[in-house]
Each structure stands twice: as structure tokens, then as C-alpha cells.
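Accompanying notes for the structure given below.
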Amino acid sequence: SDYSQEPARHPALIINSKQPFNAEPHRSALVASYITPVDFFYKRNHGPIPVVDDIERYRVTIEGLVEKPVQLSMSEIRKLPKYTVAATLQCAGNRRTAMSKARTVKGVGWDVAALGNATWGGAKLSDVLEIVGISKLTSVSSLGGKHVEFVSVDKCKEEKGGPYKASIPLRQATNPDADVLLAYEMNGEIINRDHGYPLRVIVPGVIGARSVKWLDSISVIKEECQGFFMQKDYKMFPPSVNWDNINWSSRKAQMDFPVQCAICSLEDESVVDQGKVTVSGYALSGGGRGIERVDISVDGGKTWVEADRYQKSSVPYASDGINSDKWAWVLFKAVVDVPENAEIIAKAVDTAANVQPENVEDIWNLRDAYDSSDPYGNITIKW
Ligand code: MTE
Ligand code: MO
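With my numbering as the guide, the letters of the sequence shown map in order to residues 55 to 437.
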């Protein structure tokens, strides 16, 4: 494959793999701002970044089980009502390194920063699907379509040189409140090549793998997408399953990400001055479930204090109607007195009362596909 036309990237990114380019910011840089600057936003690719340079000729095809297939140009997509949605995009492999400490898992090793919070501007998929004759809140189209598949222009080895692809249920795609976007802007600017120029899907509240970049076509189909990343990756398995006895078809494709938080102001093993320590980080949950609480313990989980939480209800770059931050992370902060040789633990609870799991062992799985369901953030402190 051809990596000769990769875009320039910020030197502060921690590179986990060069080809394909996979990188995340340092954890402390990640929580320096509520909106993650594009330069510091994690980058997750499965092949070279495609070059789409003739924007006049670029078209996205909408086809499959629809009455009226169409090809839309960028200017036609820009003429549709524009929405700006604040949403945290997170790779399901975020924090995989923590899982590897329990037992080896396959995949790119990520620290805690394979996620970012951005504002995404674009057309709603529910509006686009109306153009091909599928009305809002449809579960099954008149021609029997139940899923919406997104196919990219990139090429990856997992698809044997074919394009990256994924699907979501038609009901979600046609639900205006699900805020699924065909996005052409990120943080108020034209989306750059690394993040999907000229057009990508954003599926808020769902693992990043479904937010297909460099969109080529959208297809209304009967069965879920049969691509590698839907069928042979990003599924949750119990700890008893290994690479010899794995049965992929026995499990569902992962969609919503689970509740979690991570401490970003400290390293996993930190030496601090005696006295007050600032514990800050991010917390988020999938499916539009907000964060109810972040609890901090400095005595290994015996007693807890509640952290302050911070979420902007209106974000910059949004001229056109952000009404909630339900898809976006919260940042948290607590200033605590730590005893000598302490273990600091952070634990998130979402608005559906889901609690972040305590141990890696409880949720370990071979692909770490349920990996964004990470355990408490544990930090070991020494004076
Ligand atoms: N879309 C295409 N076409 N190719 C890819 O490799 N990676 C997916 C998703 N969409 C991918 C893709 C994965 S696994 C994630 S986590 C997100 O894009 C990462 O998006 P980002 O690089 O903009 O942060
Ligand atoms: Mo991902």
C-alpha cells in the first residue's frame, strides 16, 4: 500500500503505529480543553489516508433497497439543513494497554487517550435518507431494508484490499434525535484528511469504528454489514473465549460504548509532593447516557469523594443550534489529600446507573473489544 501521501501530523502525538497511522495525544494534553483541538485528536486508521482532491467530482452514492437511488455532490449535501453536534469519538481499543497487563490482547496498544471531544458539522443522515424516499423513524423500508451500510474510499488489509465499512440499524439512521451526521466540519473547520475529508459519518454514542471516514457510498441493506469490522472484530467475548475456540457469529457487533472514566492528570505511577493532589480526567458513557457522578478514592476504594464535573452546555463554533451535550464527555476534577503510598481510584456512574467495572479481570476479553469498558482508573502514588 502507498503511504507516500500521508498528511503532516503534530509532533506531540504519541505514535502507536506509523503505517497505518495510529496515534493519540499525551493524557495530560487531552484534558487541557473541553473541545479537543484537531491536532491532538487521536487518529485511527487501517490503511493509507486516501486522497480525494477533485471535490467538484466527488459524489456520495445512496443506493440499495431504496426507491430512488441518488448521487449527491458536496454542494448538494451542504445545501441540506446543517447541524452541529458535540460528540466524543472513542476507539473501542481505548485503554487496551491496561487490559494487556492482565493477559495479552491483540491489537494496537492504546493508553487512555484514544478518544476526543469535537463539534461535528454536517447534514443529518435522517434528512439524506428522505431524499431516497425513506421517511423519519423507519425500522424497515418499503423494499425490506433494515440496516444502513457506510462504505469508504480507503483500502485496508482486513478487507483484503477492499474498503473499510460498517453499518447501523435503519431505525437509528432515520431517527433525527440520534444525531447521526454526514459531517464535513470538525471544530468549525473543514474536516481534514486524517479525520475523513471530505465527508465522514459520525454516529454519536457508539464506538468509533462505526463512524466511517472518507465516505464513498451509503447502502440500505437487509442484513447487517458483513465487513470484517462488524463481523470479525469489535465484539464482546467472555474471558473463557480464546483464539482457538472463538465463534464470531455467536456475538453481536458492539455499538454503544460503556460507561467509563480515566484519570489524566497523573501517570499510572506518580511521585507527588506531600499534600494536595489534583485528580482530573474525563468521563463518558455511550448511547446518549450522561454522566451522573465521578467518585474518587485515595484509599484503594474504602472511602469515596465526589469529583466536580464540567461540561459546556454551549460549545464554540456552534452557530446553529447545539441543544445538548448528551453525546459529549464530561471533564472532572477533585483536589484530594493523599496518604503516603496511596492508590487513587476514579469510578464513573452514568444516568442509567451503570457503574464502571472494578477490575480488568472481570471484563477482560481476547480482543479487548469490550475494552472501552475499562476498569476503574487506578493510579499508584508515592511521595
Ligand atoms: N473509517 C475508515 N474509512 N477507515 C478506518 O480505518 N477507522 C475507524 C473509524 N472510521 C476507520 C474509519 C475507527 S476504528 C475509529 S476509532 C475512528 O474511525 C477513528 O476516527 P479518527 O481517526 O477521526 O479519530
Ligand atoms: Mo477504533
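A virtual CB, placed ideally from N, CA and C, is assigned to each residue, including glycine.
beta-carbon residue i near the ligand MO non-hydrogen atom, thresh 7 Å
i      : result
Arg98  : yes
Gly163 : no
Cys145 : yes
Gly41  : As shown, the chain starts at 55 and ends at 437. That puts residue 41 outside it, with no answer to give.
Gly340 : no
Ala263 : yes
Expected contact under 8 Å - CB spacing of residue i and residue j to nearest Å
i      : j      : result
Pro78  : Ala168 : Checking the sequence shown, residue 78 turns out to be Glu, not Pro. The Cβ separation is near 5 Å, so the contact holds.
Ile245 : Ala177 : Incorrect: roughly 13 Å between the Cβ atoms, too far for contact.
Gly175 : Thr138 : 5 Å
Ile441 : Thr228 : Any question about residue 441 goes unanswered here, given that the chain covers just 55 to 437.
Cys318 : Leu84  : 6 Å
Gly101 : Lys209 : 5 Å
Leu320 : Ile433 : 5 Å
Val313 : Gln410 : 5 Å
Leu253 : Val114 : 6 Å
Lys219 : Val266 : 7 Å
Asn99  : Ala172 : No, Asn99 and Ala172 are not in contact; Cβ-Cβ is about 17 Å, not under 8 Å.
Lys306 : Asp391 : So it is not a contact: roughly 45 Å between Cβ atoms.
Gly199 : Leu224 : 6 Å
Exposure label - residue i; buried when at least 16 CB within 10 Å
i      : result
Leu67  : buried
Pro135 : exposed
Tyr364 : exposed
Arg81  : buried
Lys97  : buried
Leu143 : buried
Asn395 : exposed
Ser193 : exposed
Gly335 : buried
Ser58  : exposed
Gly281 : buried
Asn301 : exposed
Gln226 : buried
Pro65  : exposed
Ala382 : buried
Leu183 : buried
Asp379 : buried
Asn76  : buried
Gly170 : buried
Val403 : buried
Arg149 : buried
Leu269 : buried
Pro370 : Residue placement at Pro370 cannot be trusted, given a pLDDT of 48 that sits under 50; the coordinates are not used to answer.
Ser373 : Caution applies to Ser373, whose pLDDT of 43 falls short of 50 and renders its modelled position unreliable; the value that the coordinates give is listed next. So Ser373 counts as exposed.
Glu110 : exposed
Glu203 : buried
Ile69  : exposed
Val205 : buried
Pro393 : exposed
Leu197 : exposed
Gly147 : buried
Asp362 : exposed
Trp297 : exposed
Contact test: residue i Cβ vs the ligand MTE heavy atom, cutoff 7 Å
i      : result
His249 : yes
Asp208 : yes
Phe94  : no
Ala62  : no
Tyr218 : yes
Arg267 : The sequence given here places Lys at residue 267; Arg does not occur at that position. Result yes, Cβ under 7 Å from the ligand MTE.
message: Contact between the region 88-95 and the region 320-333 is defined here as three or more beta-carbon pairs at a separation below 8 Å; is this criterion met?
response: no
field: Any 3 or more C-beta pairs closer than 8 Å across the region 341-351 and the region 378-391
entry: yes
- prompt: Per the contact definition of three or more C-beta pairs closer than 8 Å, is the region 287-294 in contact with the region 221-234?
  reply: no
query: Do the region 271-280 and the region 119-129 meet, that is, are 3 or more Cβ pairs less than 8 Å apart?
result: yes
- request: Determine contact between the region 248-261 and the region 329-346, defined as no fewer than three beta-carbon pairs at a distance below 8 Å.
  value: yes
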